[in-house]
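Enquirer: Let me give you the structure first, and then I'll get to my questions.
Residue numbers (full-length UniProt numbering): 1 to 742.
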């Protein structure tokens, strides 16, 4: 209207604007109420806002009748479209949507856009593609936004990946990481050889042997043994004191295989356990002692004695009581099972270290194990219980450990003086009973009396906190979890229980500041919650009250908290410290749900400066998990790519140099690579990733990680999913259950 009047703009005539807006508002409300575009309405209310920065607008709230109050995705799609229309089919609507309903441009195209905060769109644009409308866990709709942009226009464009045109479609799929074949492992070895030492290549080869399901091991070995053995001759010249030593090719191969065998031994494996892998010649390995026992006796006893003499003075009375009981049992070879019960921060790990130092200083063997790999890293010489004792993954009430008589592991167990097992409440009682049966058998072969003693007469020190994570029972209720706990085992009747009550992290000190007082108060509140001493209430017609109220002083912010606010609180000055290892190690955002952690991690990855590299997985169904060929073909790769499961990396993994990631598998515990280890990316190659460990006992160590084959254990899908991907996920945010393992 006003464009036809000279020198008149919309903002100059609020009287006309208000009248036109009122007419349009009246017509819109008639459409909503009388014509029932959304369904029959019960009530309505709206408010009109007049703002200086633009035209007036209205906020409208409708109450619908019950049959329309909970719309389906089909109802939403019939009303709302978040896609740009086809210009040829409806040019007028296309022009209106393009002009009035498109956000931006913002981001790199317009960094000064008002929505930009900390180099990121505060409205979270662009939104992710969705093939169909869905609801999130809060009931909020995620609108359909299909990726219907122009695709390849020729076969040549289909074969073009990152600007390089491949000769065949198969080669193009391989470049995208969508194929399962052994060529990837050879390419990974060659790529890593450009920047790492031979001993690191052997560790990478070890990882491939155990986790990559290689179809032709002999070919992989023959193709790469030259780079794997590149430093062997130099090692032997130094070892034998013969600077002119020349080794034959067969000798190099044998010594290289022996080095790989040593790495495997630390994982409880041997080369002879791996099919189709060449073996060291017997003549070369004759006279080798039990490597497992040698490793346990190679500690510096003088240093251990010095460590013990320092730590023993720092034990509090409760810790000293446990220490004396354990040392007395070991010295007198008593049949003892001791359980140390204490919440986090009471010094259990410190106590284990003191006891281990004392016994190892006397040249005796202590086996330190824990239920999780990340907890094992905190113990001196720690390993996971499953890898150390060969405990079966699928365990039953009659199971035993996979330890055979007259093996190096059996000999190690026979000579062990003490077994320390941390985080014991996390493991199923069947795991402890399997170890008991195994030790009775193994130790009983040398001492007939041991077969009738608990754990074969070995001294066993267990520790943990029943307030934390208990055994996981798939689809089990509270009663099933309780029945799976160690205190329901016959072993518990023989346990001597000691209680650690003093928190070593939050102790009474003179002139304590306000922060220490707050920490002590929060610590006491957590203990009260763990002990069940807080008031609880039932919600949603629950039979048992399980909900508690968190005090306001422990809650950050009020009302709805968005991701940006949480990030600003936990990661202050992120843009300047995004690659600081200590900064990243000291903080993390915790969430109860995995999907919330993923949303925060996606936000942080986009916020972090630098370009990311995308790695896509190769997914397939384990053929043994389906009954027929029809079932096998019913799930195409495109569907498998969309599956997200706890414990598996996603199909699409974005990595940036310097970003923190968490390892999802126990790859090499002796080198610090356990499930839950946090690392930062130092190099993102095409076939292998280099990273630096930032947690545990191996901080600062550079490691190589290839793609490995991982399988799902989730019973919500009717098959076993096999995914070849890097066992990594961003860890700016993580779930509470993962932190409990840490």
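All C-beta atoms, glycine included, are put in the ideal place defined by N, C-alpha and C.
All values reported here derive from a predicted model rather than from experimental measurement.
Just verifying my parser: in three-state terms, what is the DSSP assignment at residue 75?
Expert: Here residue 75 refers to the residue found at position 75 when the chain shown is read from its first residue. Helix.
Enquirer: Can you tell me the Cβ-Cβ gap for residue 488 and residue 530, rounded? I've got them flagged as a contact below 8 Å.
Expert: Translated into the one-based positions of the chain shown, residue 488 becomes position 488. Translated into the one-based positions of the chain shown, residue 530 becomes position 530. Rounded, the Cβ-Cβ distance is 19 Å, inconsistent with contact.
Enquirer: Do residue 201 and residue 228 have their beta-carbon atoms positioned less than 8 Å apart in this structure?
Expert: Mapped onto the chain shown, residue 228 falls at position 228. Mapped onto the chain shown, residue 201 falls at position 201. Cβ atoms of residue 228 and residue 201: closer than 8 Å.
Enquirer: Thinking C-alpha only, which one of 526, 600, 114 and 532 is nearest residue 562?
Expert: Your numbering for residue 562 matches position 562 in the chain shown. When only C-alpha atoms are compared, the closest one is 600.
Enquirer: Starting from the C-beta of residue 133, find all residues in its chain whose C-beta is less than 8 Å away, skip the five residues before and the five after it, and write them out in chain order.
Expert: Walking along the chain shown from the start, residue 133 turns up at place 133. Only 73, 76, 77, 141, 142, 143 and 144 meet the Cβ criterion.
Enquirer: Using 10 angstroms around the beta-carbon of residue 206, count the other beta-carbons present and answer buried if the total reaches 16, otherwise exposed.
Expert: One-based indexing of the chain shown puts residue 206 at position 206. Buried.
Enquirer: In chain order, what residues of the same chain have a beta carbon less than 8 Å from the beta carbon of residue 476, not counting five sequence neighbours either side?
Expert: If you number the chain shown from 1, residue 476 lands on position 476. Excluding the 5 residues flanking it on each side, residue 476 has same chain C-beta neighbours closer than 8 Å at 484, in chain order.
Enquirer: Are the segment 676-691 and the segment 220-227 touching, with three or more C-beta to C-beta distances below 8 Å?
Expert: no
Enquirer: Could you please give me the residues that DSSP links to residue 64 through a beta bridge?
Expert: The count along the chain shown starts at 1 and reaches residue 64 at position 64. Note: residue 64 sits in a beta bridge opposite 41.
Enquirer: Is there at least one Cβ from chain B nearer than 8 Å to residue 176's Cβ?
Expert: Looking for chain B here will not work: only one protein chain is present.
Enquirer: Since residue 268 and residue 191 are thought to touch, with beta carbons under 8 Å apart, how far apart are those beta carbons, to the nearest angstrom?
Expert: Here residue 268 refers to the residue found at position 268 when the chain shown is read from its first residue. Here residue 191 refers to the residue found at position 191 when the chain shown is read from its first residue. 29 Å between Cβ atoms; not a contact.
Enquirer: Whose CA, out of 478, 497 and 251, lies closest to the CA of residue 461?
Expert: As a working mapping, residue 461 is identified with position 461 in the chain shown. Selected option, being the one with the closest Cα: 497.
Enquirer: By alpha-carbon positions, which one of 105, 104 and 84 ends up nearest to residue 95?
Expert: The count along the chain shown starts at 1 and reaches residue 95 at position 95. If we check each option's Cα against that of residue 95, 84 comes out closest.
Enquirer: Tell me which residues share the same chain as residue 64 and place their Cβ nearer than 8 Å to its Cβ, disregarding the 5 neighbours each side in the sequence.
Expert: For the purposes of this step, residue 64 is taken as the residue at position 64 of the chain shown. So the qualifying residues of the chain are 38, 39, 40, 41 and 42.
Enquirer: Comparing C-alpha positions only, which one of 708, 122 and 688 sits nearest to residue 702?
Expert: Looking up residue 702 in the chain shown gives position 702. Comparing alpha carbon positions, the residue from 708, 122 and 688 closest to residue 702 is 688.
Enquirer: Just verifying my parser: in three-state terms, what is the DSSP assignment at residue 187?
Expert: Stepping through the chain shown from its first residue, residue 187 is reached at position 187. Three-state result, residue 187: helix.
Enquirer: Below 8 Å on the Cβ atoms is my guess for residue 33 versus residue 44; work out the distance and round it to an integer in Å.
Expert: On the chain shown, residue 33 is found 33 positions in, with the first residue counted as 1. On the chain shown, residue 44 is found 44 positions in, with the first residue counted as 1. Correct: roughly 6 Å between the Cβ atoms.
Enquirer: Please name the residue or residues paired with residue 618 in a DSSP beta bridge.
Expert: As a first step, residue 618 must be located in the chain shown, where it is residue number 618. For residue 618, which the question treats as bridged, DSSP gives the partners 724.
Enquirer: Please classify residue 204: is it buried, with 16 or more other beta-carbons within 10 angstroms of its beta-carbon, or exposed?
Expert: Mapped onto the chain shown, residue 204 falls at position 204. With 16 or more Cβ atoms within 10 Å of its Cβ, residue 204 is classed as buried.
Enquirer: Rounded to whole angstroms, how far is the Cβ of residue 356 from the Cβ of residue 395, which I believe are closer than 8 Å?
Expert: Here residue 356 refers to the residue found at position 356 when the chain shown is read from its first residue. Here residue 395 refers to the residue found at position 395 when the chain shown is read from its first residue. That belief does not hold up - the Cβ atoms of residue 356 and residue 395 are roughly 27 Å apart, past 8 Å.
Enquirer: Whose C-beta lies closer than 7 Å to the C-beta of residue 12 among residues of the same chain, with five residues either side of it excluded?
Expert: In the chain shown, counting from the first residue as 1, residue 12 sits at position 12. Here the set comprises nothing.
Enquirer: Which term fits residue 743, buried or exposed, when burial requires 16 or more other beta carbons within 10 angstroms of its beta carbon?
Expert: The requested residue 743 does not occur in the structure, where the chain is confined to residues 1 to 742.
Enquirer: Of all the alpha helix (DSSP H) runs that stay within the bounds of the segment 319-407, which reach a length of 4 or more residues?
Expert: 348-361, 373-376 and 385-389
Enquirer: Only counting the same chain, and skipping five residues up and downstream in sequence, which positions put a Cβ closer than 6 Å to that of residue 4?
Expert: Here residue 4 refers to the residue found at position 4 of the chain shown. If we look at residue 4 and ignore the five residues flanking it on each side, it has no Cβ neighbours.
Enquirer: Let's see if you can read the secondary structure: which residues bound the beta strand (DSSP E) around residue 422?
Expert: Taking the chain shown and counting its residues from 1, one reaches residue 422 at position 422. Taken as a continuous stretch (DSSP letters only), the beta strand (DSSP E) holding residue 422 covers 416-422.
Enquirer: Is the beta carbon of residue 351 sitting closer than 8 Å to the one on residue 322?
Expert: Here residue 351 refers to the residue found at position 351 when the chain shown is read from its first residue. Here residue 322 refers to the residue found at position 322 when the chain shown is read from its first residue. A contact, by the Cβ cut-off of 8 Å.
Enquirer: Can you name the residues that DSSP bridges to residue 31?
Expert: Within the chain shown, numbered from 1, the residue matching residue 31 stands at position 31. Bridge partners of residue 31: none, in fact.
Enquirer: Any idea what DSSP makes of residue 708, helix, strand or coil?
Expert: To locate residue 708, count along the chain shown from 1; it is residue 708. Residue state, collapsed to three classes: strand.
Enquirer: If I measure Cβ to Cβ from residue 118 and keep anything under 7 Å in the same chain, skipping five residues before and after, which residues do I get?
Expert: Against the chain shown, residue 118 aligns to sequence position 118. The residues are 575 and 607.
Enquirer: My guess is that residue 139 and residue 121 are in contact by the Cβ rule of under 8 Å, so how many angstroms apart are they, rounded?
Expert: One-based indexing of the chain shown puts residue 139 at position 139. One-based indexing of the chain shown puts residue 121 at position 121. Their Cβ separation, rounded to whole angstroms, is 24 Å, which puts residue 139 and residue 121 out of contact at 8 Å.
Enquirer: With three or more beta-carbon pairs closer than 8 Å as the criterion, would you say the segment 695-709 touches the segment 401-416?
Expert: no
Enquirer: Give me the residue from 536, 584 and 429 with the minimum Cα distance to residue 473.
Expert: As a working mapping, residue 473 is identified with position 473 in the chain shown. Selected option, being the one with the closest Cα: 429.
Enquirer: In the DSSP output, which residue or residues are listed as bridge partners for residue 768?
Expert: Given a span of 1 to 742 for the chain in the structure shown, any question on residue 768 remains unanswerable.
Enquirer: From the DSSP secondary-structure annotation, give me the bridge partner or partners of residue 85.
Expert: Your numbering for residue 85 matches position 85 in the chain shown. Bridge partners of residue 85: none, in fact.
Enquirer: Can you tell me whether residue 465 is buried or exposed, with buried defined as 16 or more other CB within 10 angstroms of its CB?
Expert: Working through the chain shown from its first residue, we reach residue 465 at position 465. Buried, by the Cβ-count rule.
Enquirer: Can you confirm whether the segment 661-669 touches the segment 376-390 when touching is taken to mean that 3 or more C-beta pairs between the two stretches lie within less than 8 Å?
Expert: The segment 376-390 is in contact with the segment 661-669.
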